[in-house]
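*Asks:* So the sequence lines, in the order shown, correspond to chains X and P. Heads up, the first sequence is in this note's numbering, so the first residue is 16 and it goes up one at a time. Heads up, the second sequence is in this note's numbering, so the first residue is 464 and it goes up one at a time. Here it is, the structure, as structure tokens.
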Amino acid sequence: MLDWLSQERAFIASVIIVILLITLLWSILVGLRQATYRAKDQVFGDPERTLGGWYWTLSGVSAILLLWFYFSWGVGRAFFPEAGNEMCQVAKVETAIAPIKAALPIDSRYFKSTELIVRNTEQLDVLESNFPEGVFSETEKEELLNIIVSSRKIIGIFSDQDNQSLESKLAIRDISQDLDELTDKLSKDYTKFNPSSEGLLQPNWGTTRIELPLLPITPKGVLFDDISKHAEVLSQKFLKLRNNSAAANSIIEATKQQIKRLKLSNEAADRSDEVLKERKHYIKAVERIFRRLDDGTIFPPQALDELNDSIKDFLRAIEGAKGNLRLVQAFFIPGAGVVKSKTQCTEQGSGRWLPKPTDVVAKFLLLANPNLENGGGYKGTTLFWWDWIEIADLVSFLIPDFLIDLLPGDYGVHSEQGLFVPNYKDKLQAFAQGDVYLGVIPMLDGHIWDSLFRVLVALALGIFLGVPLGIYMGISRFFKSFFDPIIELYRPVPPLAWAPLILTIFGIQDDGKIFLLFMVAFAIMVISARTGASGTQLSKIRASHSLGASNRQILRYVILPNALPEILTGIRIAIGVCWGTLVAAEMLAGTTGIGFIENVARTVSDYELIWVTILIMGLLGLAFDLLMRLIISRTIPWRGKG
Amino acid sequence: MSDLICKNLCMTFSNAQTGVKVEALKDINFTLKKGELLSVLGPSGCGKTTLLNMIAGFLNPTSGSMTLNSTKIDGPSVERGMVFQQGALFEWLTVSKNVDFGLRMKKTSQGESDSLVEKWLEIVGLQGFGNTPTYQLSGGMQQRVALARCLVNDPDVILMDEPLGALDALTREKMQSLILELWKETGKTILIITHSVEEALLLGERLFVMAPRPGRIHKEYKLPFAEQGLQTPLRDIKQSPQFSEVREEILSMIWDMEEEIMGGA
Ligand SMILES: Nc1ncnc2c1ncn2[C@@H]1O[C@H](COP(=O)(O)OP(=O)(O)OP(=O)(O)O)[C@@H](O)[C@H]1O
Ligand SMILES: [Mg+2]
């Protein structure tokens with residue numbers, strides 16, 4: 016079943032996309048019809064106008080999903096499952112002729128020869144005008160300047176058509192003619208080509224780690240694949256091409272000797288380190304430019320014109336041969352297309368960093384599989400499952416060891432016979448450290464649970480400590496003034512700025528993260544409880560005094576319920592902030608949790624996994640918030656109506 | 464014996480930031496006997512609320528003394544019930560939970576408090592609304608709840624600060640009758656602050672007209688209208704020549720005071 020789902024992702028996607036399109040159009044229609052009813056009975060600005068509207072939610076969600084399908088090339092793959100493979104073949108051709116293109120003004124504006132001449136002439140001028148004084152002898156200086164002059168001369172000779180050897184002229188013509196042949200081939204009928212059976216057996220687009228199957232699977236693909244092989248041969252030929260000329264060769268030989276001599280003279284005389292360093296540096300600079308010129312890659316201005324025309328025709332022919340693939344690419348495959356590297360074809364642009372929704376779901380199902388032995392889970396932990404845990408571990412988590420130290424009596428000592436009999440304190444300590452087997456209980460487990468657990472524990476601590484303190488700060492001068500500086504000093508610091516410190520102090524296990532989150536939740540709860548408490552209407556407090564309520568009763572029955580809306584809003588905010596902080600903290604350290612998964616995924620550029628974690632975080636955050644909204648509307652219906 | 468006695472009451476507010484001192488009240492002297500109905504009238508800012516808050520125990524006077532039933536007034540207590548302009552109901556509680564708030568604070572038994580709540584809701588005309596949340600009530604109903612909440616506690620003195628100020632004319636008249644009835648039936652001492660001259664005349668066996676800067680009792684009246692109101696419809700009383708005469712006198716007195724303030728300012 017999973018295999019089928021995985022193989023047929025394109026088909027599944029096309030069904031989903033059609034459903035989404037229908038949903039989008041239908042919900043917009045319903046929405047528009049509703050809007051005309053509503054327009055009559057409600058005034059602008061009335062918050063009631065936000066009630067309901069599920070159809071807009073539906074159209075919003077389906078629009079997002081459709082955009083996602085589109086920009087991730089999900090639409091392209093669903094309806095044109097072969098396009099990716101054909102684009103890969105085209106990419107092969109483009110990669111193959113890239114070296115020839117690079118020498119011509121096609122992608123860049125100038126011939127490579129022109130660029131070489133401009134750059135080297137500039138650098139020669141700089142070298143000449145910055146000649147270091149007092150480092151070289153007069154004769155050496157003359158010699159060096161001579162090399163610079165020779166270099167300029169070489170450029171001149173290579174640029175002169177009359178000096179170009181016949182052999183190199185013929186070689187260029189050869190390549191042009193071969194290219195023209197390929198161009199002819201491109202415009203001929205390719206339907207008679209047949210993809211190899213090996214090619215047809217390749218896995219579908221995107222179902223394995225290699226994104227696009229490399230071998231052609233369509234006649235058109237076979238054509239491009241074939242062309243690419245020939246083009247590669249031509250490129251090799253072109254790269255070997257040199258502008259040989261007898262005139263240049265003699266100068267090059269002479270100059271080489273000169274440089275060699277100069278280098279030797281460095282070693283002979285004993286000079287100060289500084290002077291030696293400067294000499295070496297200058298000679299090297301001169302030599303570097305010379306080396307760029309002596310290999311004969313500069314051609315006369317008209318030498319490559321014919322080749323340039325052939326390449327242009329060739330490229331045009333490629334576009335022509337692509338045929339409707341061009342339309343598919345323009346409308347359904349946004350972004351930078353497909354690129355071929357040495358061993359594989361990869362999607363570029365949004366197709367790369369935005370994986371297709373169906374791929375993401377497939378990845379999620381893989382992670383969600385709780386069977387660790389069969390490749391489920393991630394890095395040895397399930398995503399969200401349960402496991403047996405020892406009660407002893409729980410006990411050791413809850414009872415701190417030092418509590419036992421405080422008990423009267425000493426720990427046991429070994430006897431003179433070398434025996435050790437544990438006394439009651441030893442036994443209790445073993446208990447507190449979780450060394451006593453107490454049975455097992457089932458417990459939730461997995462990356463998601465680990466993250467949830469951290470947030471919930473921190474939030475609970477934050478609420479139980481923060482709310483009482485906040486309420487007292489709202490009503491008592493001492494509490495307000497005493498705790499204000501502490502809280503207001505640490506609160507504005509972004510939690511992540513605390514993270515390195517806290518994780519160092521408490522360790523990278525749960526303790527550190529929980530404490531970090533607790534700090535976040537605590538500050539938020541204190542502030543919201545404080546605002547709620549201090550916002551109690553004075554007349555309500557006075558009324559309850561006159562009704563005979565004691566201070567404690569006022570706190571419990573008037574101030575607390577009055578602060579409840581603020582407290583619940585505080586919890587809602589705290590959950591959100593904690594969740595965000597947690598993921599970041601897990602990225603810094605740890606071996607479990609959603610943030611941990613994303614961090615690993617980042618280092619291996621597993622975009623599907625990155626998006627799975629992002630979606631899990633987003634959906635859980637959304638779930639928290641919906642839950643809190645529900646709780647708020649159920650528990651405090653009087654909000655804003657007092 | 465069971466009187467409310469105020470002797471030489473003075474109240475001076477000093478602004479902590481500017482150091483400006485305001486003499487809100489100066490030398491207030493009066494005795495309110497048990498069962499008396501006193502209304503207090505005066506231009507805005509003459510210290511009416513301040514006086515009430517001091518009697519309720521929310522403010523300590525700068526000097527002078529107050530006693531109720533021969534005990535010194537020192538902080539709020541159930542003996543002195545308070546009704547605020549806006550009800551000050553607990554919006555998170557239902558009507559009956561609001562009304563039995565005081566009883567719950569005293570830990571009265573459930574059965575006893577239930578019957579008391581029922582009785583008072585009926586008296587103020589809210590039977591059947593026990594389980595309604597207070598934010599769903601109209602302004603007049605909310606004031607009735609506030610009255611019931613105060614009366615359930617059986618206070619000796621009821622203090623009201625513009626209790627009907629936020630109500631429309633008709634509801635206001637109904638509530639005025641209700642207050643008169645309650646006064647008659649319970650025999651409680653009632654001190655009521657109002658902005659409306661008519662209301663002050665109708666709801667005051669005695670009437671203080673206060674003057675500002677410093678706040679003091681300018682003139683005291685003894686009036687027959689409250690007694691009359693127990694038998695005659697309030698509208699008829701308002702039309703009597705005697706009523707109009709006193710009303711005009713007090714109105715011009717207050718106008719003079721307002722003018723003085725404006726002229727002085
Ligand atoms: N907490 C306070 N601090 C400083 N000044 C105060 C304070 N409360 C009241 N005052 C001043 O005391 C004076 C009397 O105020 P009070 O509220 O008693 O007037 P009032 O008669 O109730 O007015 P109104 O009819 O407008 O309610 C006013 O001048 C006011 O500015
Ligand atoms: Mg007032």
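Backbone N, C-alpha and C fix where the C-beta goes; we use that ideal spot for every residue, glycine too. Computed from a predicted model, the values in this text were never measured in an experiment.
Interface residues of chain X around P/Ala551 at Cβ under 7 Å?
*Replies:* Gln552, Ser554, Lys555, Ala558
*Asks:* Would the beta-carbon of P/Met638 fall within 8 Å of that of P/Gln590?
*Replies:* no
*Asks:* Closest to X/Lys204 by CA distance: which of X/Phe239, X/Glu213, X/Pro231 is it?
*Replies:* Checking the sequence, you will find Asp at residue 204 of chain X rather than Lys. When only C-alpha atoms are compared, the closest one is X/Phe239.
*Asks:* Please classify X/Phe173: is it buried, with 16 or more other beta-carbons within 10 angstroms of its beta-carbon, or exposed?
*Replies:* buried
*Asks:* Give me the Cα-Cα distance between X/Asn614 and X/Thr396, rounded to the nearest whole angstrom.
*Replies:* 15 Å
*Asks:* At a CB-CB cut-off below 9 Å, which residues of chain P make contact with X/Gln568?
*Replies:* Those within 9 Å of X/Gln568 in chain P are Arg567, Met568.
*Asks:* Can you give me the Cβ contacts of X/Tyr426 inside the same chain, cut-off strictly under 8 Å, excluding the 5 residues immediately before and after it?
*Replies:* Asn438, Lys440, Asp441, Gln444
*Asks:* So X/Asp402 is in the beta strand (DSSP E); what residue range does that whole segment cover?
*Replies:* Annotation: the continuous beta strand (DSSP E) that includes X/Asp402 extends over 400-405.
*Asks:* Would you call the region 571-584 of chain P and the region 513-524 of chain P touching, i.e. three or more CB-CB distances under 8 Å?
*Replies:* no
*Asks:* For the region 588-602 of chain P, enumerate the residues whose C-beta is nearer than 7 Å to any C-beta of chain X, in chain order.
*Replies:* Residues of the region 588-602 of chain P with a C-beta less than 7 Å from any C-beta of chain X: Pro596, Tyr598, listed in chain order.
*Asks:* In three-state terms, what does DSSP make of P/Ala487?
*Replies:* In the structure shown, P/Ala487 sits in a strand (DSSP, three-state: E or B).
*Asks:* Contact criterion: CB-CB distance below 8 Å. Does P/Ala663 meet it with respect to chain X?
*Replies:* no
*Asks:* Please determine whether the Cβ atom of P/Asn478 lies at a distance below 7 Å from any heavy atom of ligand 1.
*Replies:* yes
*Asks:* Looking at C-alpha atoms only, which residue of X/Asp465, X/Asp310, X/Ser554, X/Ser183 is the closest neighbour of X/Ile609?
*Replies:* X/Asp465
*Asks:* Name the two residues that bound the continuous beta strand (DSSP E) containing X/Pro457.
*Replies:* 455-460
*Asks:* List the endpoints of the continuous beta strand (DSSP E) containing P/Cys473.
*Replies:* 467-477
*Asks:* In chain X, which residues lie with their C-beta within 8 Å of the C-beta of P/Met545?
*Replies:* Simply Arg557, Ala558, Ser561.
*Asks:* DSSP three-state label for P/Lys560, please.
*Replies:* helix
*Asks:* Hey, is P/Lys570 close to ligand 2, as in C-beta under 7 Å from one of its heavy atoms?
*Replies:* no
*Asks:* Name, please, each residue of chain X whose Cβ falls closer than 8 Å to the Cβ of P/Phe564.
*Replies:* Ser559, Leu562, Ala564, Tyr572
*Asks:* Indicate whether at least one CB of chain X lies closer than 8 Å to the CB of P/Trp555.
*Replies:* yes
*Asks:* List the DSSP bridge partners of P/Arg635.
*Replies:* For P/Arg635, which the question treats as bridged, DSSP gives no partner whatsoever.
*Asks:* Going along the chain, which residues of the region 573-584 of chain X sit with their C-beta nearer than 9 Å to a C-beta in chain P?
*Replies:* Val573, Pro576, Asn577, Leu579
*Asks:* So, with DSSP's three-state summary, where would you put X/Tyr487?
*Replies:* helix
*Asks:* State yes or no: is the C-beta of P/Val485 nearer than 7 Å to some heavy atom of ligand 1?
*Replies:* yes
*Asks:* Work out the CA separation of X/Pro316 and X/Leu159 for me, nearest whole Å.
*Replies:* 29 Å
*Asks:* Is there at least one non-hydrogen atom of ligand 1 closer than 7 Å to the beta-carbon of P/Ser507?
*Replies:* P/Ser507 Cβ: within cutoff of ligand 1.
*Asks:* Are the C-beta of P/Pro539 and some C-beta of chain X separated by less than 8 Å?
*Replies:* It does; some Cβ of chain X falls within 8 Å.
*Asks:* So which of X/Pro415, X/Val627, X/Ile112, X/Thr584 has the shortest CA-CA distance to X/Ala447?
*Replies:* X/Pro415
*Asks:* Are the beta-carbon atoms belonging to P/Leu504 and P/Val620 less than 8 Å from one another?
*Replies:* No, these two residues do not count as a Cβ contact at 8 Å.
*Asks:* Please state whether DSSP places X/Gly395 in a helix, a strand or coil.
*Replies:* coil
*Asks:* Express the C-alpha separation of X/Leu20 and X/Cys103 in angstroms, rounding to a whole number.
*Replies:* 24 Å
*Asks:* Is P/Glu636 buried or exposed, if buried means 16 or more other CB atoms sit within 10 Å of its CB?
*Replies:* buried
*Asks:* The region 503-521 of chain P: which residues have C-beta closer than 9 Å to a C-beta of chain X, in chain order?
*Replies:* Asn516, Ala519, Gly520, Phe521
*Asks:* What's the C-alpha gap between X/Ile34 and X/Leu532?
*Replies:* 42 Å
*Asks:* Within the 8 Å Cβ cut-off, does X/Trp41 reach chain P?
*Replies:* no
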